[in-house]
Amino acid sequence: MRPKQIRMKRNLSKPEIDPPGRNVLEVSLFGPGYGESVVIHAGEEDWLIIDSCVLNDKKTPAALSYLMAIGVDPSTAVKLILATHWHDDHIRGIAHLYRACNKAIFSCSQALNKEDFITLAYVALENAKTETSGTDEFTSVLQELGMRGDSPVWAIADRPLWNREIGINSKLWALSPSNRIVSQSFQSVGQNLIPDKSPTKRIPPPEINHGAVVSLLKVGDIAVLLGADLENTTSMNAGWSAVIGSHSRPKFRAKIYKVSHHGSASSDSPEIWSELLENQPIAILTPFSRGNSNLPTTHDIQRLNSHTSQVFTTKILASKRAITGSGPIARTKREALRHCHKLTMVPGHVRVRIDIKTRVENIDLFDGAKLLAN
Amino acid sequence: MSISVQTQVPQEEIVTTEEHEKPPMMLFAPEDFEKKASKQEGENDTYESSLNGDLDTVPGEEKPRQYDIPMILPQSQPDPRGKFEVLQLYEGVVLSANNHSMWARLVNKTNELEEDEEAEFPLEEISYGDRKLIENGAVFYWYIGYYDSASGQRTRESKIRFRRLPALSDDVIKKARMKAEDIMKRFSGDQGDAFLDATQTDPNEKKFVKA
Chain Y
1 MRPKQIRMKR NLSKPEIDPP GRNVLEVSLF GPGYGESVVI HAGEEDWLII
51 DSCVLNDKKT PAALSYLMAI GVDPSTAVKL ILATHWHDDH IRGIAHLYRA
101 CNKAIFSCSQ ALNKEDFITL AYVALENAKT ETSGTDEFTS VLQELGMRGD
151 SPVWAIADRP LWNREIGINS KLWALSPSNR IVSQSFQSVG QNLIPDKSPT
201 KRIPPPEINH GAVVSLLKVG DIAVLLGADL ENTTSMNAGW SAVIGSHSRP
251 KFRAKIYKVS HHGSASSDSP EIWSELLENQ PIAILTPFSR GNSNLPTTHD
301 IQRLNSHTSQ VFTTKILASK RAITGSGPIA RTKREALRHC HKLTMVPGHV
351 RVRIDIKTRV ENIDLFDGAK LLAN
Chain F
375 MSISVQTQVP QEEIVTTEEH EKPPMMLFAP EDFEKKASKQ EGENDTYESS
425 LNGDLDTVPG EEKPRQYDIP MILPQSQPDP RGKFEVLQLY EGVVLSANNH
475 SMWARLVNKT NELEEDEEAE FPLEEISYGD RKLIENGAVF YWYIGYYDSA
525 SGQRTRESKI RFRRLPALSD DVIKKARMKA EDIMKRFSGD QGDAFLDATQ
575 TDPNEKKFVK A
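Going line by line, the protein sequences match chains Y and F.
Mapping of the first sequence onto the numbering used here: position 252 corresponds to residue 252, and the numbering continues sequentially without gaps.
Count along the second sequence from 1, then add 374; that gives the number in the numbering used here.
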């Protein structure tokens, strides 16, 4: 089934700058820029933000910029900010975002709820002052939480994170990390992650990938599955196997799917499509490029299209080009490097709006977002 | 090497480049620059702060002098080691490495508004001494510029220097532990139903509000 309307736009312009109506569910995905971010209108003028990325000024969170562009006051309208996991491409600008959203509760993985991990973050901050490992974002959020006298809502499988019972019913659940993963994270953090006084070794950024928070939002009778970067593991008690096999998770099938981990094969499974999603869901994703690795691959696109004809990407990544220019810098780069390419820093934007009552769908594609077809 | 900082640069001192129609950032021996860029302690002794022109503190004055356009120029006496004119500085972070090359994300420190880049460096571009420092997340600095020898010879050079991290002190670890303990005390008791505590329904506003 095709969406009712797909519009492709270069930039926000009227009527796109109008905020959604109170009865409209909106899911806006931004990326890749510096990371990805999902901005959700859960009806009734309540907004939720999952992860954060920044614009090409390297400072302004895309979510903040967008909300202000459509006339939404983030200081009162944003009710929850969820950091799915502490990788740099998901949390850039999240401290800035949290400071701007005064009424928002902050949620992150239960796998981070450990004194040794927080110690490690502060040591890493001291150890790598100029490096963008995300520890500065984490410690800034902790500082802001302290100033507000708040604590995070720790996310673990099948736990509700946010709820609204007035007007259109709406509820957000975490579907991961599983109990097993949280226990393992606690054990691994306890095993000498705090370094000794080695003079040159760098403290790695927090690697709690399998602790990523997948979440399910239900607004009225429409559900949204937010896949974070959760991947499969060999264990039935971790990754997507644990999500699918859980007896206590809410059993709603989602109409919209934020595809996990940029559409990689390692983050997909047939059961996601058969157990967690409606038939022909709207799938949205951000691409990813690092070094020689690019996602989604051609095979990934074919696989996703075998499940649904509605797969949208926020950007088509430009092919890697030769170094151009004739000046001394370009000449040196050509001599010294095998490859070099600029990173795309203006995030693309896929926006899905569905009227809760009529189920009329509108999909808007901004700044290079595209329908991904075979 | 002694250096001086001045705000007004005579036109004849300005060397324009093909790619950047602006004066070069600074002129000095590369060894001094590397010391500045790699030094971790002391806010007034980093590459960043040198750009802000606070290297030159006047005796008797509490605050260092501030300059609008910092230029670090050699004294009139030629330096026997020559001088290095930095055209471009990148801060790099290693993304991955194998036996032949490494991929890195490059942040343009000459113009931070420029888009970041990703590049693959053959390992032969890295000094033997620095190769042991290559690992995911390691930080390095890449200078591209002209070296002018004391005898007047000019060569274009590419210099890559990996950052040496200072040893972690007991004090740093102790302070981090204290901060973490303090935070965990404030978070204690919050084991899962925090959203019920943190939010409540306000029947007057018909909205969720903070408790």
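Backbone N, C-alpha and C define an ideal beta-carbon position, used for all residues, glycine too.
All values reported here derive from a predicted model rather than from experimental measurement.
**As assigned by DSSP and simplified to three states, the class of Y/R164** = It is a strand residue.
**Request:** Verify the CB distance criterion: does Y/G384 have a CB-CB separation below 7 angstroms to chain F?
**Result:** Residue 384 of chain Y is absent from the structure shown; chain Y starts at 1 and stops at 374.
**Asked** Counting only runs that start and end within the segment 500-555 of chain F, where is the beta strand (DSSP E) found for 3 or more residues in a row?
**Response** As far as the segment 500-555 of chain F is concerned, its whole beta strand (DSSP E) runs of at least 3 residues are 513-522 and 528-536.
**Message:** Residues of the segment 53-70 of chain Y in Cβ contact with chain F at a cutoff of 9 angstroms, in chain order, please.
**Reply:** Those would be N56, D57 and K58, in chain order.
**Asked** Shorter than 7 angstroms from the beta carbon of F/L461 to some beta carbon of chain Y?
**Response** Chain Y, which has a Cβ nearer than 7 angstroms to the Cβ of F/L461, makes this yes.
**Message:** Strictly below 8 angstroms CB to CB, what residues from chain Y border F/I500?
**Reply:** Result: empty, since nearest Cβ-Cβ is about 10 angstroms, beyond 8 angstroms.
**Message:** When you compare the segment 91-102 of chain Y with the segment 161-168 of chain Y, are there three or more beta-carbon pairs, one atom per stretch, that lie closer than 8 angstroms?
**Reply:** With a cut-off of 8 angstroms on Cβ pairs, the segment 91-102 of chain Y is not in contact with the segment 161-168 of chain Y, counting fewer than three such pairs.
**Asked** In the structure shown, what three-state DSSP assignment does Y/A121 receive?
**Response** Helix at Y/A121.
**Own chain residues within Cβ distance below 7 angstroms of Y/F138, not counting five before or after** = W86 and A121.
**Item:** Coil, strand or helix - Y/E335 by DSSP
**Value:** Looking at Y/E335 - three-state DSSP - the assignment turns out to be helix.
**Other residues of its chain near Y/I50: CB distance less than 6 angstroms, five sequence neighbours each side excluded** = By the criterion of a C-beta distance shorter than 6 angstroms, Y/I50 is surrounded in its chain by V38, L82 and L226, once the five residues flanking it on both sides are discounted.
**Prompt:** Counting only beta-carbon atoms, is Y/R334 nearer than 7 angstroms to chain F?
**Reply:** Between Y/R334 and chain F, the shortest Cβ-Cβ separation is not below 7 angstroms.
**Request:** Please classify Y/Y98: is it buried, with 16 or more other beta-carbons within 10 angstroms of its beta-carbon, or exposed?
**Result:** Buried, by the Cβ-count rule.
**Message:** Can you tell me which residues form a DSSP beta bridge with F/M476?
**Reply:** F/A471 and F/F495.
**Message:** I need the straight-line Cα distance from F/E459 to F/K483, nearest angstrom please.
**Reply:** Between the alpha carbons of F/E459 and F/K483 lies a distance of about 15 angstroms.
**Prompt:** In three-state terms, what does DSSP make of Y/N179?
**Reply:** Helix.
**Complete beta strand (DSSP E) runs within the segment 54-103 of chain Y (minimum length 3 residues, chain order)** = Under the rule that a run must span 3 or more residues, the beta strand (DSSP E) segments found entirely inside the segment 54-103 of chain Y read 78-83.
**Request:** Compare the C-beta of Y/E115 against all C-beta atoms of chain F and say whether one is closer than 7 angstroms.
**Result:** Yes, because at least one Cβ of chain F sits closer than 7 angstroms to the Cβ of Y/E115.
**The beta strand (DSSP E) enclosing Y/A283, as first and last residue numbers** = For Y/A283, the enclosing beta strand (DSSP E) stretches over residues L277 to L285.
**Item:** Assigned secondary structure, Y/F252 (DSSP; H/G/I helix, E/B strand, else coil)
**Value:** Three-state result, Y/F252: coil.
**Prompt:** Using the beta-carbon of each residue, which ones in chain F are nearer than 7 angstroms to Y/E271?
**Reply:** Within 7 angstroms Cβ-Cβ: nothing; Y/E271 doesn't reach chain F, min ~27 angstroms.
**Item:** Euclidean distance between Cα positions of F/E489 and Y/K59
**Value:** Annotation: F/E489 to Y/K59 spans about 13 angstroms, alpha carbon to alpha carbon.
**Prompt:** Going by other Cβ atoms of all chains shown within 10 Å of its Cβ, with 16 needed for buried, is Y/I375 buried or exposed?
**Reply:** Since the first residue of chain Y shown is 1 and the last is 374, residue 375 of chain Y is not available in this structure.
**Request:** Quick one: give me the first and last residue of the alpha helix (DSSP H) that Y/A242 is part of.
**Result:** Per DSSP, Y/A242 is one residue of the alpha helix (DSSP H) stretching across G239 to G245.
**F/L463 versus Y/S264: straight-line alpha-carbon distance, rounded** = Going from the Cα of F/L463 to the Cα of Y/S264 covers about 35 angstroms.
**Asked** Comparing alpha-carbon positions, which option in F/K553, F/F536 and F/Q527 lies nearest F/R455?
**Response** Per the C-alpha coordinates, the member of F/K553, F/F536 and F/Q527 positioned closest to F/R455 is F/Q527.
**Request:** Give the residues of chain Y in contact with F/L469, contact being defined as C-beta atoms less than 8 angstroms apart.
**Result:** Contact note: F/L469 reaches chain Y through R290 and G291, using a C-beta cutoff of 8 angstroms and chain order.
**Asked** DSSP state of Y/E271, grouped into three classes?
**Response** When DSSP states are grouped into helix, strand and coil, Y/E271 belongs to the helix group.
**Message:** Less than 7 angstroms between CB atoms is the rule here; does F/A403 satisfy it with respect to chain Y?
**Reply:** Interpretation of F/A403 is limited by its pLDDT of 46, a score under 50 that renders its predicted location unreliable; the figure taken from the coordinates is listed afterwards. No, F/A403 lies away from the interface with chain Y (no Cβ there is under 7 angstroms from its Cβ).
**Asked** Which partner residues of Y/V350 appear in the DSSP bridge assignment?
**Response** Answer is Y/L29 and Y/L365, bridged to Y/V350.
**Request:** Measure the alpha-carbon distance for Y/A104 versus Y/H299 and round it to whole angstroms.
**Result:** Their backbone Cα atoms lie some 39 angstroms apart in a straight line.
**Prompt:** Along the chain, where does the beta strand (DSSP E) that runs through Y/V153 open and close?
**Reply:** Where Y/V153 is concerned, the enclosing beta strand (DSSP E) stretches over V153 to A155.
**Asked** Taking 7 angstroms as the CB-CB limit, is Y/H339 close to chain F?
**Response** At least one beta carbon of chain F lies nearer than 7 angstroms to the beta carbon of Y/H339.
**Asked** Grouping DSSP H, G and I as helix and E and B as strand, with all else coil, what is Y/D355?
**Response** Residue state for Y/D355 is assigned as strand, using DSSP reduced to three classes.
**Asked** So is F/F561 in contact with chain Y if we call contact Cβ pairs under 7 angstroms?
**Response** By the rule that beta-carbons nearer than 7 angstroms mark a contact, F/F561 touches chain Y.
**Prompt:** Under a three-way DSSP split, which group does F/R560 fall into?
**Reply:** Helix.
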